[in-house]
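Here the sequence shown stands for residues 18 to 696, numbered as in the numbering used here.
Please read the structure below before turning to the comments.
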Amino acid sequence: MLDKMRNIGIMAHIDAGKTTTTERILFYTGKIHRIGEIDDGDATMDWMAQEQERGITIQSAATTTWWKDHQINIIDTPGHVDFTAEVERSLRVLDGAVAVLCAVGGVQPQTETVWRQADQYRVPRVCFVNKMDRVGADFYAVIDDVHQKFGATCLALQIPIGQGSDFEGVIDLIDMKELRWDEATAGETILESPISNDRLGDATQWREKLLDGLSAFSDELTELILEGAEIPAQLIRSCIRKSVLARDIIPFLCGASRRNQGVQPLVDAVVWYLPAPHEVPPAIGFQTKKEEEISIPCSVTGIPLGLVFKIQWDREAGSLCYVRMYSGKIKTGDQIYNVSKKKRERVNRILRMHSNKSEPMDSVEAGDIAVFIGLKLAQTGDTVGSEGMPVLLERMHFPEPVISVAVEPKTLSERDKLKDTLEVLSREDPTFTSREDSETGQLIISGMGELHLDVLVTRMLDDFKVEARVGNPQVTYRESVTAAIEHTERFSKNIGGKDTAAGVTLRVEPLPRGSGNTFRSTIKKSAYPEDMLDAVERAVTNAFGSGIQWGYPCVDIGVTLVDIEYNELTATTFAYEAAASMGFDEACRKASPELLEPVMNVDILCPKEFVGEAMSQVTQRGGLISSLESKPSIEVVHAQAPMAKMFGFSTSLRSVTQGRASFAMSFSHFEVKKGGLGT
C-alpha cells in the first residue's frame, strides 16, 4: 500500500494560484463536486473566515484524495511571507512538492524562500507554470528564471500551444500529442489530437532537449538515442521518476488553473514522478536512552513513531494534532508516549481530515497523515511514539518573531481568558509568542509581521471573543553578548526549616550571528543526579527568553556548564535552577551585552517608470539597495532595511507609485543597534 501513497504540498509565492490549483485537483479527483473560487470566498481549502475575507491562505489545510488507485495527501500551504512557519512545518513532513509559478511573474521573492526551505528538507518537486492565459505569460522565460536563480536542471514535459490570450492547450512531449480542455465540462473532458504540422518542429526540438537531459542519468536511454530507435513512453517516465527522486531534475508542466486547463496531467505527474513514503531517505531520530542517532525506515511493522507538525484549536474537540507517521501503527484508544515531554497520553480519536471536515479512522500507519484528538500536552514539533524505545525526531526550526504589540484586557475578569487564548494560539503557531512585561505588567505578543499579528489579533477578538485593547506595533529587539566570561554562582537558602544549597560554574560566550542559542555540559551525567543537571539546563533555557538588560530575548549565546558543587544533604532541583538562572544573568552582564535590531529583506515589484521613487522610499528609511532585476513587464528592487523604519511603508510606496507597486518583506538577520534603545 505504501507505494500507492503520496504526501505532497503545494507551495508558491502569494497569488501564484496554489489554492485555485488545489481546488481543481480535488474537483477532478472527485473529492468535491463543485469548484470553489477564492475570489468568491468559497474555496474548500481556505475555510477560515479571515481567509475568505482576505482572499489569502493563512493556515495550511490538509486533505486526502484518490487518483488512479493512489492515495494523495495534500497540504495547501500559505504563500505570504508572514506565515512562513506554516510552510516550514508542512515541508518537514512532506515527501514531494508541487511548486506553482506564475507565468508572468516567474520566480518571485517568496518562491525563493519556499524553494530554499524545500532544499533544506531535500524535497523532490515538480513545477507547474500557472496563469498561461495571462497577458505577458512566458513559459520558457519561467524555466530559464528557475535555472538561473536555483541552478536546477529544468526539463519541460509539455510546451504550451499559444501564450497569453492565445493559450489554448499543451503539447505532451512524452506521448507527442496535443491536449485541450473542454469548456463545456469545466475541463473534465480532455480532447487529444495529433500535433499539427506548424507546431511539430518546435515539439520535436523540445522533445530532443528532454531526452538529451534525461540521457545524462540513464545508459539505457542513451543507447536507444544513439541507435535512433523508438523510445517507449514508459521508459521516459521511469527515467524522469528516477531523476526526480534523486533530485537531479525539475520537470515542468503548464496550464491555467482558473480556466480549468492543465490540471489532470499535473496530478498524473504527482503519481508518476513524486516519491512514495518509503522512497525518500529514512527519517533521522535521536535515541534518547543510548544517546545516538538512528535512521527510521518507513515500515508498518516498526516501532510506532510520529511527528506532530501542526496544532489546530477546535471549539468542540479541543486540540487537533496533525501527525505524520514515520514508522509503525497507532490505533484509536492507544496510549502513546510523548517523547519530547516525557509524558504518556491517550489517543481518543483518529481522524482523516478534509480541510475543516473530517471522517473517523480506526488506525493510522507509517507514511500516512492523520489528526489525533485527546493529546493535551502535545506541541508543534513533538515526537510521539513508544516508551520502550524513545526516539526524538529532529525538531523543526522556526524564525524569530520580529514585531510586537501590547494587549490588555478591558476588564480584570477577561485577563484569565486572554492568557488562555494566547496559550492556545502560541501552541498552534510556534512563531507567535507572548510574555508579560515585568515593568508595565502588560502582555506583549510577538509575530512575524504586521499581517501575521493582525490575523492573530482578529482571531483573538472574533473567534475567541476576548474583550481586549490592542496597542500599535513595536519592533522586537534581541540581546546578545560580545565577550566570553566564566562565572560561579552559589545559592543557599533555608526553605521550610530545611537548608538548600547549590553551586554552578557557567561559561558564557558569543556565537556567530544567526546560529541561535546553545547549552552544553562538560560534566559526566553519571557523576551527579540527572534531575539536578536537567534543572540547570531548564533554568538556562528559560533565561534565554527573559533578556539581560532590556528584557528582550537573547540570541547567539553559547552557555557551557563547566562545574557543579553538590552536597546530597542540601541539593534540590529548585536550588540548582535558582543558581543557574542567577549565574546566567550575572555572567551575561559581565560579558559586554549589546542590543540587536531586526533587519528585513525588502523586495519591491514596480513598473519601470516608478523605480526611482520606490528606491528613494527605501533609502529614506535607512535601507540599502542590493540589486535591481529587470523582468519583461516589471522591475524588482532588492534591498535591506531596519524593521523599525518600515512601519507605514506600504502607504508611502502606494502613494508615490500611484498604487502600482507591491512589496514583500521577510526577516534577514539581527545586527547591532547603534545608540541603544530610544534612537
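Glycine included, each C-beta is placed from N, C-alpha and C at the ideal position.
| Item | Value |
| --- | --- |
| Leaving out five residues before and five after Gly490 in sequence, what residues of the same chain have Cβ atoms less than 8 Å from its Cβ? | The residue asked about is misnamed: residue 490 is Pro in this sequence, not Gly. Cβ within range, chain order: Ile420, Ser421, Val422, Glu467, Leu470, Phe664. |
| Taking 8 Å as the limit between beta carbons, can you name the residues of its chain near Lys427, skipping five residues before and five after? | Glu484, Ala485, Arg486 |
| Can you find the residues in the same chain that come closer than 6 Å, C-beta to C-beta, to Cys315, ignoring five residues on each side of it along the sequence? | Pro294, His295, Ala383, Gly384 |
| Tell me the start and end of each unbroken beta strand (DSSP E) in the region 505 to 589 that is at least 3 residues and wholly inside, in chain order. | 515 to 527, 535 to 538, 574 to 582 |
| Nearest to Ser403 by alpha carbon, out of Ser380, Asn355, Met149? | Asn355 |
| Starting from the Cα of Ala273, find the closest Cα among Ser380, Trp330, Glu333, Phe184 and give me that residue. | Phe184 |
| Once you ignore the five residues that flank Ser380 on each side, which residues in its own chain have a CB closer than 8 Å to its CB? | Lys346, Ile347, Lys348, Thr349, Ile367 |
| With three or more C-beta pairs closer than 8 Å as the rule, is the region 21 to 37 touching the region 298 to 309? | no |
| Between which residues of its own chain and Asp86 is the CB-CB distance below 8 Å, once the five residues before and five after are set aside? | Lys21 |
| Would you check if the distance between the CB atom of Arg507 and the CB atom of Ala596 is smaller than 8 Å? | yes |
| Within 10 Å of its beta-carbon, does Thr46 have 16 or more other beta-carbons around it, so buried, or fewer, so exposed? | buried |
| Kindly indicate if chain C contains any beta-carbon less than 8 Å away from that of Ala485. | Among the chains in the structure shown there is no chain C, since it carries only a single protein chain. |
| Return the CA-CA distance between Ser598 and Asp446, expressed in angstroms with no decimal places. | 27 Å |
| Taking just the CA atoms, how far does Val521 sit from Val576? | 12 Å |
| Give the straight-line distance between the Cα atoms of Gln125 and Val628, rounded to the nearest whole angstrom. | 17 Å |
| What residues in its chain sit with their C-beta under 6 Å from that of Ser644, if we drop five residues either side in the sequence? | His655 |
| Looking at Glu496 and Pro610, is the spacing between their C-beta atoms short of 8 Å? | yes |
| Just to check my reading of the structure: Ala120 and Val159 have Cβ atoms closer than 8 Å, yes? What is that Cβ distance to the nearest angstrom? | 6 Å |
| With respect to the alpha helix (DSSP H) encompassing Ser182, which residues constitute its N-terminal and C-terminal limits? | Run containing Ser182: none; DSSP gives neither H nor E here. |
| Do Phe145 and Leu262 count as a contact pair if the criterion is CB distance below 8 Å? | no |
| On the three-state DSSP scale, how would you describe Ala631? | helix |
| Three Cβ pairs or more, each shorter than 8 Å: is that satisfied between the region 327 to 340 and the region 384 to 398? | yes |
| Based on the DSSP output, what are the partners of Asn355 in its beta bridges? | Lys360, Val401 |
| Going by DSSP, which residues form a beta bridge with Ala273? | Gln278 |
| When we look at the beta-carbon of Pro573 and count the other beta-carbons within 10 Å, is it buried (16 or more) or exposed? | One detail in the question is off: residue 573 reads as Asp in this sequence, not Pro. Answer is buried; the Cβ neighbour count reaches 16. |
| Could you say which of Tyr545, Arg216, Ala604, Lys510 lies nearest to Met193 if we only look at CA atoms? | Arg216 |
| Taking Val557 as the reference, give the member of Leu578, Gly568, Gln566 with the closest Cα. | Leu578 |
| Using 10 angstroms around the beta-carbon of Pro268, count the other beta-carbons present and answer buried if the total reaches 16, otherwise exposed. | buried |
| Of the residues Thr318, Arg452, Tyr290, Leu523, which one's Cα is nearest the Cα of Thr539? | Leu523 |
| Classify Ile500: buried if its beta carbon has 16 or more other beta carbons within 10 angstroms, exposed otherwise. | At residue 500 the sequence reads Ala, which differs from the Ile that was named. Exposed, by the Cβ-count rule. |
| What do you reckon, are the CB atoms on Gln657 and Ser685 nearer than 8 Å? | yes |
| Let me know the secondary structure DSSP gives Ala60 once reduced to three states. | Caution applies to Ala60, whose pLDDT of 43 falls short of 50 and renders its modelled position unreliable; the model cannot decide the point. |
| How big is the Cα-Cα spacing for Glu362 and Leu392? | 6 Å |
| Is Gln675 helix, strand or coil when you go by DSSP? | coil |
| Exposed or buried, which one is Thr199 when buried takes at least 16 other CB atoms within 10 Å? | The sequence as given places Asp at residue 199; Thr does not occur at that position. Burial call: exposed. |
| What's the call for Thr206, buried or exposed, on a 16-neighbour Cβ count within 10 Å? | exposed |
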